[in-house]
Amino acid sequence: MATINSGIPKLGVRNTRQRTAVVNVLRELDNFSSAKTIHAALEARELRVGLTTVYRTLQSLAEIEAVDVLNMSNGETLYRHCTTEKHHHHLVCVDCGRTEEIPGGPVETWARQVAEEYDFDITGHDAEIFGRCPKCLAIRREAKEEHSNAG
Ligand SMILES: [Zn+2]
Ligand SMILES: [Zn+2]
Ligand SMILES: [Zn+2]
Numbered sequence: 001m002a003t004i005n006s007g008i009p010k011l012g013v014r015n016t017r018q019r020t021a022v023v024n025v026l027r028e029l030d031n032f033s034s035a036k037t038i039h040a041a042l043e044a045r046e047l048r049v050g051l052t053t054v055y056r057t058l059q060s061l062a063e064i065e066a067v068d069v070l071n072m073s074n075g076e077t078l079y080r081h082c083t084t085e086k087h088h089h090h091l092v093c094v095d096c097g098r099t100e101e102i103p104g105g106p107v108e109t110w111a112r113q114v115a116e117e118y119d120f121d122i123t124g125h126d127a128e129i130f131g132r133c134p135k136c137l138a139i140r141r142e143a144k145e146e147h148s149n150a151g
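The sequence shown lines up with residues 1 to 151 when you count with full-length UniProt numbering.
Here it is in C-alpha cells:
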C-alpha cells in the first residue's frame, strides 16, 4: 500500500534531525530494508540515531504512508521509500532484494468487488510478488553448471 509524499514528511518538531536522517538513508537504500539495516546504514554515515528512534520513526512514517511496508513471512518488517507516488505493488527478488514498483492491475478491481460482495468498507489491500530476478537466476544456473561439471 503506498501513497508517498515527495517532501520530508511532517511528523512534528521533535526529533526532526533524526527523522530527516532516517528519510534520507531510506531514499538511498534501493531495497526493502529492516530497521536494523537502516540503523547500520545511519551508523556507516556517522549519523547517531538510536535503534529505538529508528523503529519509532519508521512506524510513524508508515502510519502516514510516507514509506512502504513489507511484512515478511518470517515476521520481519521491511521498509522502503518508493519513487512511485501513486498506489502500487511490489515485485521483490528473494535473493538480492531488487524491487520493482508495479501496478496492481486486476487486483484493484478484484479487491473492490470482494469487499462489496461482503458489504465491507475497504480500507486497503496487500499483494506483493516474490521471485528471482534474471541476474540471480543466471547466478544460480551458473552455480548449478559448475557443480555438475565438477561431478
Ligand atoms: Zn512501494
Ligand atoms: Zn535478484
Ligand atoms: Zn493495489
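Yeah, the Cβ is synthetic: ideal placement off N, Cα and C, and Gly gets one too.
N- and C-terminal bounds of the beta strand (DSSP E) containing residue i
i	result
residue 65	No beta strand (DSSP E) contains residue 65, which DSSP labels as neither H nor E.
residue 167	There is no way to answer for residue 167, as the model of the chain reaches only from 1 to 151.
Between the CA atoms of residue j and residue i - distance to the nearest angstrom
i	j	result
residue 156	residue 103	What is shown of the chain runs 1 to 151, which leaves residue 156 out entirely.
residue 55	residue 35	6 Å
residue 110	residue 133	27 Å
residue 67	residue 138	31 Å
residue 58	residue 141	37 Å
residue 52	residue 61	14 Å
Residues bridged to residue i (per DSSP)
i	result
residue 47	According to DSSP, residue 47 bridges with nothing at all.
residue 130	92
residue 100	91
residue 33	79
Near ligand 3: residue i beta-carbon under 7 Å from a heavy atom
i	result
residue 101	no
Ligand 1 heavy atom lying under 7 Å from the CB of residue i
i	result
residue 27	no
Host alpha helix (DSSP H) of residue i (start-end)
i	result
residue 20	16-28
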